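Undergrad: In the numbering used here, the protein residues as written are 15 to 407.
Ideal placement from N, C-alpha and C gives every residue a C-beta, glycine not left out.
Because the structure is a prediction, the values reported are computed rather than measured.
After the structure tokens below, expect a handful of questions from me.
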């Protein structure tokens, strides 16, 4: 579909966030057509410096998490910087921050202060821990929340706890924050007024994990019996073939029947305990060992052809590098090239969602620090000098 203004066109978002969670939520809104004004302190978002080999403040992580945004430098500890933020709040639909409650109150970006100024705004605080609990003032980052939420323990299985090797908390909670903001915007379309939304990382990831890991604890009064046997199996992993690695998931009754037939195990196909998911779950280690052994006997191409013919989910295991040459991603136009005024042509993954009518816009590259300060302040009726900000960043 050709570029368009996008389904969130007309919305203005003021983003006061750094690192990954808030920027990910906000970059999704930018790719959906919202105007996102990223307010940065004079030192800028810390992520600007990650892998920034050229010293431009435009490292690869910053470029991907902040495309399509306007960068405005304000020192919120000064009266002039605070006054400029107030002007931004007056015309905004959403304010997003990831500060702890005390810091937000000290800078005047807490919900009470912001909603008193603009009662129609949706104020979203993406925090580490819910403000009603004793952890509310503790700092939180992805690794810490992977630990406290139980995710690292589940990932480690019967061994030592392990972190997922991507910022899974930040990005998952970023999408949750987007969902919460969109829900509040819908409610505003009915009520006419905004509200405060709090999206805590800890509670969000505990909820996320417990969906299938709660086990017997879903029944009130029980203890223990948590976990999900299939994902806990030490044999659940990508399987080696004779010449590569394959990701296979045998799950339904039909999947297993087809696999047993394919590998000549009529005895297992006739076993009544393995006819249903309950019995297979009890014997999942045995079954996954079988898959491991069988797949090692033949090359990847053989298994892909046979399993796909039987509608069994199976795909080769890609590296990150492989994604850039994947035929499916090429066919759907997954990657797009954006010209950056100082960094040259950049390759980005486009928004993976499609909209049949409203489409999505082509957003510009991520901004240099303070790139839009002068422009935005003029739009607000201010000069950079009045806001005590350097328009060049």
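In chain order, what residues of the same chain lie with their CB nearer than 7 angstroms to the CB of residue 250, ignoring the 5 residues before and after it?
TA: Cβ neighbours of residue 250 beyond the five flanking positions: 244 and 302.
Undergrad: Consult DSSP for residue 35 and reduce its assignment to one of helix, strand or coil.
TA: Residue 35 falls in the helix class under three-state DSSP.
Undergrad: With a CB to CB cut of under 8 angstroms and the five nearest residues on each side skipped, what residues in its chain are close to residue 235?
TA: Once the five neighbours on either side are set aside, residue 235 has no close Cβ partner at all.
Undergrad: Residue 189 and residue 227 - do their beta-carbons sit closer together than 8 angstroms?
TA: In this structure, residue 189 does not lie closer than 8 angstroms to residue 227 by Cβ.
Undergrad: Give the secondary structure of residue 329 by DSSP, where H, G and I count as helix, E and B as strand, and everything else as coil.
TA: Strand at residue 329.
Undergrad: Taking 8 angstroms as the cut-off, decide whether the C-beta atoms of residue 398 and residue 331 are in contact.
TA: Contact: no.
Undergrad: Between the Cα of residue 211 and the Cα atoms of 268, 381, 315 and 135, which residue gives the shortest distance?
TA: Closest option to residue 211, Cα to Cα, is 135.
Undergrad: Considering Cα atoms alone, identify which of 349, 395, 99 and 208 is closest to residue 129.
TA: Closest option to residue 129, Cα to Cα, is 208.
Undergrad: Under three-state DSSP, which class holds residue 408?
TA: The first residue shown for the chain is 15 and the last is 407, placing residue 408 beyond what the model contains.
Undergrad: Just to confirm the assignment, what range does the beta strand (DSSP E) spanning residue 218 have?
TA: Element bounds for residue 218: not the beta strand (DSSP E) but the alpha helix (DSSP H), 215-227.
Undergrad: Please report how far the alpha carbon of residue 75 lies from the alpha carbon of residue 284, in whole angstroms.
TA: In a straight line, the C-alpha of residue 75 is about 53 angstroms away from that of residue 284.
Undergrad: For a test of the three-state rule: what should DSSP assign to residue 209, helix, strand or coil?
TA: Looking at residue 209 - three-state DSSP - the assignment turns out to be strand.
Undergrad: For residue 5, count the other beta carbons within 10 Å of its own beta carbon; 16 or more makes it buried, fewer makes it exposed. Which is it?
TA: As shown, the chain starts at 15 and ends at 407. That puts residue 5 outside it, with no answer to give.
Undergrad: Work out the CA separation of residue 36 and residue 214 for me, nearest whole Å.
TA: When rounded, the distance between both Cα atoms is 12 angstroms.
Undergrad: Counting along the chain, where does the beta strand (DSSP E) carrying residue 349 start and finish?
TA: Its beta strand (DSSP E) spans residues 349-354.
Undergrad: Using the C-alpha atoms, what's the distance from residue 27 back to residue 119?
TA: One C-alpha to the other measures close to 20 angstroms.
Undergrad: Touching or not, the stretch 383-399 and the stretch 92-105, by the rule of three or more beta carbon pairs under 8 angstroms?
TA: Touching, yes.
Undergrad: For residue 225, count neighbouring C-beta atoms within 10 Å of its own C-beta (all shown protein chains included) and say buried if the count is 16 or more, exposed if not.
TA: The residue is exposed, with fewer than 16 neighbouring Cβ atoms inside 10 Å.
Undergrad: Whose C-beta lies closer than 8 angstroms to the C-beta of residue 386 among residues of the same chain, with five residues either side of it excluded?
TA: Hits under 8 angstroms: 51, 84, 85 and 86.
Undergrad: Are residue 410 and residue 156 touching if we call contact CB-CB under 8 angstroms?
TA: There is simply no residue 410 to check, as the chain begins at 15 and stops at 407 in what is shown.
Undergrad: Would you check if there are 3 or more beta carbon pairs closer than 8 angstroms linking the stretch 289-298 to the stretch 260-271?
TA: Yes, the stretch 289-298 touches the stretch 260-271.
Undergrad: When you compare only the Cα positions, how much space is there between residue 72 and residue 29?
TA: Their Cα atoms are separated by approximately 18 angstroms.
Undergrad: Using a Cβ distance threshold of 8 angstroms, determine whether the stretch 143-154 contacts the stretch 113-127, with at least three qualifying pairs required.
TA: Short answer: they touch.
Undergrad: Taking just the CA atoms, how far does residue 196 sit from residue 148?
TA: Looking at the two C-alpha atoms, the distance is approximately 28 angstroms.
Undergrad: Need the endpoints of the beta strand (DSSP E) that residue 260 sits in, please.
TA: Where residue 260 is concerned, the enclosing beta strand (DSSP E) stretches over 259-262.
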